[in-house]
């Protein structure tokens, strides 16, 4: 397998382009004020796939490798690596001078413990560790992988820049079970998290880590290259109301609004002091995740019947309006326009929508009025939109629906509950994933059949897991594509989840900010112009 086939072609996905918190003028060379798309409720990037947690983790933690804008893995915390001729032994050497925020040095044993914890949660990490015979720290600066069989994508796995990042933290924290949040935010990244200043639902604060030692070589590109922090302080201000956030951006009370409402973008484009750009170039893909451990969605036939009723056009209309420039569909299991996308099994999503037939299919599959609890994150407009469309569909199909409308942070905590509905469990929830997270089986967390070991939805399906394992062993890109098509067909057959739509979300920031990198919201290389 050629390493670069993992994300080959991803760069061609795009052609072209509550109460208001008390704020003061943000124009400062030392302070940046940022409005995330939702409040930061969970801090540990190993226990949640929440993107607001991912963005937080990229500030606080570092990774051994990183991806440049061409999706090529580059050394980050490592000075370099050696690989044995048979590909079975990798020796990674850490850069000099790496320190954690508590002042302790980053040691190889910290790396070993961190990666072992990460591998229990992440799909790519699990695939890597299935080949690991031994992971050890022969010295304080040397990390050694001994493999059962070659895994050429090892640097790519350790460079993963999104959900379930392979972050490095002190060994004492990595001893925390992978399903339990670590008690402290101690990383070695360019910013320290200031827990004492957190105001739940309103404020999170970061300070530049003065002892951070960025790479001395390379050019900032996506997550690769030197990670230089130019702001002494970064404040994340949670502003659920879009009009309030837009007003704060226009007046300069905030510097950067991560995800402006689509309806407000035309006005922002007219503002002389505001720049609107596309940062996440692989788009955002909506899903309705189903709990496969509880009735009715423990029955794949019921999941499949529901799939046949979903109208992705209606979903896209609700999320992004009718502008074809910022939407794409119908979308399947893998990112539309990406190297693994195909038409396999898509007839269940792209065929004519027939609610009468879908209602009969539900009954034939065995649905008998079981209660369905839909969790809707109302403070994230796109998530709220797909949940409203889904709720309307369920009612039209005669399902016994209970909508729990709450904030996204609460949804993220509740979906970890695997208990029955009368004990706080759930049946379905809406979520959006970045196109990068769904571009291949290496990254895709929801197209799994690994039960409780997977993300909330917990589908158990041996054929899906076998196909995914074969994908990693495919000799070339054509082989990967053929297996990805089979994975998509199988995932749709068992109703792994419901694909909703794909759209491209712009970001908006003050024109006096420069050095904004593309790929994800990143806070290094970013500075205020003189």
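Numbering (the numbering used here), first residue to last: 50 to 579. We treat Cβ as the ideally placed atom computed from N, Cα and C, and that holds for glycine.
Taking residue 119 as the reference, give the member of 236, 217 and 330 with the closest Cα. 330
task = Tell me, to the nearest whole angstrom, how far the beta carbon of residue 551 is from that of residue 383; I am working on the premise that it is less than 8 Å.
result = Contact doesn't hold; Cβ gap of about 11 Å is too wide.
Next item on the list: Would you kindly check if the distance between the Cβ of residue 323 and the Cβ of residue 559 is under 9 Å?
Entry: yes
task: Would you mind working out which of 124, 237 and 527 sits nearest residue 391, comparing C-alpha positions?
output: 527
When burial is assigned at 16 or more other CB atoms within 10 Å of the CB, is residue 228 buried or exposed? exposed
Query raised in the report: Who are residue 576's beta bridge partners in DSSP?
Result: 563
Beta bridge counterpart(s) of residue 450 as assigned by DSSP: 421
Can you find at least 3 beta carbon pairs, one from the region 251-265 and one from the region 529-549, that sit closer than 8 Å?
No, because fewer than three Cβ pairs between the region 251-265 and the region 529-549 fall closer than 8 Å, the two stretches do not touch.
* For residue 346, the residue or residues it bridges with in DSSP -> Looking at the DSSP assignment, residue 346 forms no beta bridge with any residue, so it has no partner.
Within 10 Å of its beta-carbon, does residue 417 have 16 or more other beta-carbons around it, so buried, or fewer, so exposed?
exposed
Relative to the alpha-carbon of residue 572, which residue among 443, 273, 430 and 315 has its alpha-carbon at the smallest distance? 273
>> Extract the residue ranges of the alpha helix (DSSP H) inside the region 367-401, only unbroken runs of 4 or more that lie entirely within it.
In response: 396-399
**Report entry** Backbone CA spacing between residue 438 and residue 478 [nearest angstrom]
**Finding:** 12 Å
6 Å CB neighbourhood of residue 276 in its chain, flanking five on each side removed: Cβ-Cβ distances below 6 Å link residue 276 to 239, 263 and 573 in the same chain, with the five nearest sequence neighbours on each side left out; the list follows chain order.
- Message: If contacts are defined as beta-carbon pairs under 8 Å, then residue 122 and residue 101 qualify, I think. What distance do you get, rounded to the angstrom?
- Response: Contact doesn't hold; Cβ gap of about 25 Å is too wide.
Report task. Please confirm if the region 202-220 is in contact with the region 163-182, defined as three or more CB-CB distances below 8 Å between the two stretches. Result -> yes
ask   = Mind pulling the beta strand (DSSP E) runs of 3 or more residues that sit fully within the region 165-250?
value = 181-188, 191-196 and 240-242
Exercise. So residue 440 is in the alpha helix (DSSP H); what residue range does that whole segment cover?
Worked result: 430-445
> By how many angstroms is the C-alpha of residue 210 removed from the C-alpha of residue 271?
Replying inline: 9 Å
**Prompt:** Would DSSP call residue 477 helix, strand or coil?
**Reply:** strand
Checklist entry - Can you check whether the CB of residue 152 is closer than 9 Å to the CB of residue 355? => result Going by C-beta atoms, residue 355 is not nearer than 9 Å to residue 152.
Practice task
Can you give me the start and stop residues for the beta strand (DSSP E) that residue 253 sits inside?
Solution key: 252-257
task = Check whether the Cβ atoms of residue 483 and residue 569 lie closer than 9 Å to each other.
result = yes
Next on the checklist: Is it the case that the region 133-145 contacts the region 283-295, given that we only count it when at least three CB pairs across the two stretches are under 8 Å?
Outcome noted: These segments do not touch.
**OP:** Would you identify the three-state DSSP class for residue 270, choosing helix, strand or coil?
**Re:** In this structure, residue 270 counts as strand in the three-state DSSP scheme.
With residue 103 as the anchor, note down where its alpha helix (DSSP H) starts and where it stops.
-> 100-109
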